[in-house]
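Asker: Residue numbers (numbering that gives the first Met the number 0), protein chains in the order written: chain A, 0 to 203; chain B, 0 to 143.
Have a look at this one before I ask anything.
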Amino acid sequence: MDLEYISLKKSQSKLEKDISSDKLINQYYSRRKSIISKNIWDYWDEIPIEFSEPMIFFALPLSLCYKAYKKESDEIYKILFKDLFKEIEISKKILSFSENWDNEGSKGYEQRTWEKKVRFLTKVFKNFYDKYGLILPTPYINPGMDGDIDIHWKTEKFEIFLSIPENDDERINYYGDNYGDIRTKGTLDIDKLDSFLTWIKLYY
Amino acid sequence: MTWSIEEILDILPDGNLSLLFYRIFDSFMKEHSPEYISPSAFKYSKEDGKMSTNWNKYSDANQIRLEGKHPSDRYGVVSLIVKEIRLNPELSKLKIEHTPKAGNQAHTDISGLPEYEAISKEDYKHLQLLLSRLAEWEINNYLK
């Protein structure tokens, strides 16, 4: 695990180094005319010469660097969270479960619930990594009740079990503990994950 | 033939522990993590609000597999120790009732889960987690 993590960190710093390399600046010069927005050119003559020069040499390359960095970041996340994306890929089979898939009356699963689950997991993993520099353990993804999709983290130190609801009006319900008296439970808003992530970090 | 309803004792007359066998559909099993027991698999039946199990006094693990509505090889079977369920204060609301059926003297229901409608979803998730922690695989095609 540690070796794998170190190797991922190395590939991340390599990618970051590439971003600041000449390659990117060259890319900027070859593409700048098509990328610079029309609005800037519309007002270009009004920009005092002392500002326009620095803008073209610093601000625009920086903004392009940022765009490239963002794209590269997504690539980094794909590398860092490869186990998560593998589990997500495996869980696609849930979408083939239609009504009464178990012959015991269970409901089928909708594409948008599955997509909601992917959005949630990607966000949790990214936020946790950005906040703590750590990669979350990969959770299990299971068919839940009433069209909900269940997510289950099971590690040596903690378990968290939650449902991504089919119903958009419903929030994510979760329960977790450290196999002892320290518990967490409630509902989650996908845009407010801080306390949830803090709890996981305590028992990471 | 009708069977008499018996009290489910913690220990069987032969000195072995009372076990309940529970069938798990393969959609909850993981080929890449065969030991894994999913809490999502512990759910009550929509028909009667109970979890259907077989008591080891009159059944082995394989019998409940054969009673599923899919081919038997699509199921795994876990066992739960009756005494462990009863000793867990957080599972005290669950009732274990011998409910023999025609052709199945071992049939036993775990009820109390339907209060799911009355308790919060997160508390229900807690119950499912606790049951999954008590369960052990008896039959699992992925475990060689």
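Ideal placement from N, C-alpha and C gives every residue a C-beta, glycine not left out.
(1) Which ranges does the beta strand (DSSP E) cover as unbroken runs of at least 3 residues, wholly within the stretch 117-198 of chain A, from first to last along the chain?
(2) Distance, Cα to Cα, P142(A) vs L196(A)?
(3) What's the call for T1(B), buried or exposed, on a 16-neighbour Cβ count within 10 Å?
(4) Assuming N53(B) is part of the beta strand (DSSP E), what are its boundary residues?
(5) In whole angstroms, what is the alpha-carbon distance linking L23(A) and K77(A)?
(6) Within the continuous beta strand (DSSP E) that includes R73(B), where are the two ends?
(7) Below 9 Å on C-beta distance, what does S72(A) contact in chain B?
(8) Helix, strand or coil for L128(B), going by three-state DSSP, please let me know.
(9) Strictly below 8 Å CB to CB, what residues from chain A border Q62(B)?
(10) If you draw a straight line from the alpha carbon of S95(A) to that of D149(A), how long is it in whole angstroms?
(11) Give every residue of the same chain whose Cβ lies closer than 8 Å to the Cβ of L128(B), excluding the five residues on either side of it in the sequence, and list them in chain order.
(12) Taking 8 Å as the CB-CB cut-off, is L65(B) touching chain A?
(13) In whole angstroms, give me the CA-to-CA distance for K32(A) and I75(A).
(14) Excluding five sequence neighbours on each side, which residues of the same chain lie with their C-beta closer than 7 Å to the C-beta of Q26(A)?
(15) Is I4(B) near I95(B), with beta carbons less than 8 Å apart?
(16) Is the beta carbon of Y21(B) sitting closer than 8 Å to the one on A134(B)?
(17) Span of the alpha helix (DSSP H) holding K81(A)?
(18) Spatial neighbours of A40(B) within its chain, please: C-beta separation below 6 Å, excluding the five flanking residues on both sides.
(19) Could you check the C-alpha separation between D73(A) and K81(A) for me, to the nearest Å?
(20) So if I threshold CB-CB distances at 8 Å, which residues from the stretch 25-39 of chain B count as touching chain A?
(21) Span of the beta strand (DSSP E) holding I84(B)?
(22) So which of F84(A), I134(A), I171(A) has the shortest CA-CA distance to F160(A)?
(23) Can you give me the Cβ contacts of Y35(B) inside the same chain, cut-off strictly under 6 Å, excluding the 5 residues immediately before and after it?
(24) Sorted by chain position, which residues of the same chain lie with C-beta nearer than 6 Å to D108(B)'s C-beta, five sequence neighbours on each side aside?
(25) For the stretch 117-135 of chain A and the stretch 66-80 of chain B, state whether three or more C-beta atom pairs, one from each stretch, are separated by less than 8 Å.
(26) With 8 Å as the C-beta to C-beta threshold (strictly closer), list the residues of the stretch 137-157 of chain A near chain B in chain order.
(27) Taking the alpha carbon of G104(A) as the point to measure from, which residue in D13(B), K45(B), K82(B) has its own alpha carbon closest?
(28) Roughly how many whole angstroms lie between the Cα atoms of F119(A) and Y203(A)?
(29) Going straight from the alpha carbon of D176(A) to that of W54(B), what length do you get?
(30) Using a beta-carbon distance below 8 Å, is H69(B) in contact with chain A?
(31) Strictly under 8 Å for the Cβ-Cβ distance: is K124(B) near chain A by that measure?
(32) Label R64(B) either buried or exposed according to how many other C-beta atoms from any shown protein chain fall within 10 Å of its C-beta, with 16 as the threshold for buried.
(33) Would you kindly work out how many angstroms separate the C-alpha atoms of S90(A) and T183(A), rounded to a whole number?
(34) List the residues of chain B whose Cβ lies closer than 8 Å to the Cβ of F96(A), in chain order.
(35) Give the DSSP-derived three-state secondary structure of D122(B) in the structure shown.
(36) Does DSSP put D59(B) in a helix, in a strand, or in coil?
Answerer: By the coordinates alone:
(1) Positions of the beta strand (DSSP E) runs, each at least 3 residues long and wholly inside the stretch 117-198 of chain A, are given as 139-142, 148-153, 158-163, 171-176, 182-187 in order along the chain.
(2) C-alpha separation (whole angstroms): 24 Å.
(3) With fewer than 16 neighbouring CB atoms inside 10 Å of its own CB, T1(B) falls in the exposed class.
(4) 50-54 is the span of the beta strand (DSSP E), which, as asked, contains N53(B).
(5) For L23(A), the predicted model reports a pLDDT of 48, less than 50, meaning its position is unreliable and no value from the coordinates is stated.
(6) That residue, R73(B), is in no beta strand (DSSP E); it is neither H nor E in DSSP.
(7) Using a Cβ-Cβ cut-off of 9 Å, S72(A) is close to nothing in chain B; its nearest Cβ partner there is about 28 Å away.
(8) Shown here, L128(B) sits in a helix according to DSSP, grouped into three states.
(9) Under the 8 Å cutoff, chain A gives no residues; its nearest Cβ is about 18 Å from Q62(B).
(10) The straight-line gap from Cα to Cα measures roughly 16 Å.
(11) Setting aside the 5 residues that flank it on each side, L128(B) is surrounded in the same chain by P38, each with a C-beta closer than 8 Å to its C-beta; the list follows chain order.
(12) Using a CB distance cut-off of 8 Å, L65(B) does not count as an interface residue toward chain A.
(13) Low confidence applies here, because K32(A) scores a pLDDT of 40, under 50, leaving its location unreliable; read the following figure in that light. When rounded, the distance between both Cα atoms is 28 Å.
(14) Unreliable placement is indicated for Q26(A), whose pLDDT of 49 sits below 50; the coordinate value is still reported in the next sentence. For Q26(A), there are no CB contacts under 7 Å within the same chain when 5 residues up- and downstream are skipped.
(15) Not closer than 8 Å, so no.
(16) Taking 8 Å as the cut-off, the Cβ atoms of Y21(B) and A134(B) count as close.
(17) Boundaries of the alpha helix (DSSP H) around K81(A): 81-89.
(18) Only I23, F27 meet the Cβ criterion.
(19) If I take the Cα positions, the gap works out to 12 Å.
(20) Under the 8 Å Cβ criterion, the stretch 25-39 of chain B contributes S26, F27, K29, H31, S32, Y35, S37, P38, S39.
(21) Element bounds for I84(B): not the beta strand (DSSP E) but the alpha helix (DSSP H), 81-86.
(22) F160(A) has its Cα closest to that of I171(A), out of F84(A), I134(A), I171(A).
(23) These residues qualify, in order along the chain: K29.
(24) Result list for D108(B): K49, E96, T98, in chain order.
(25) Result no; under three Cβ-Cβ pairs closer than 8 Å.
(26) Closer than 8 Å at the C-beta level to chain B, one finds these residues of the stretch 137-157 of chain A: Y139, N141, P142, G143, M144, D149, H151, K153.
(27) Selected option, being the one with the closest Cα: K45(B).
(28) Using only the alpha carbons, I get a separation of about 19 Å.
(29) If I take the Cα positions, the gap works out to 30 Å.
(30) So, interface residue.
(31) Taking a beta-carbon distance threshold of 8 Å, K124(B) counts as an interface residue toward chain A.
(32) Answer is buried; the Cβ neighbour count reaches 16.
(33) Rounded to whole angstroms, S90(A) to T183(A) spans 26 Å at the Cα level.
(34) F96(A) reaches chain B at S26, counting residues in chain order whose Cβ is nearer than 8 Å.
(35) In the structure shown, D122(B) falls within a helical segment according to DSSP collapsed to helix, strand and coil.
(36) Coil at D59(B), not helix or strand.
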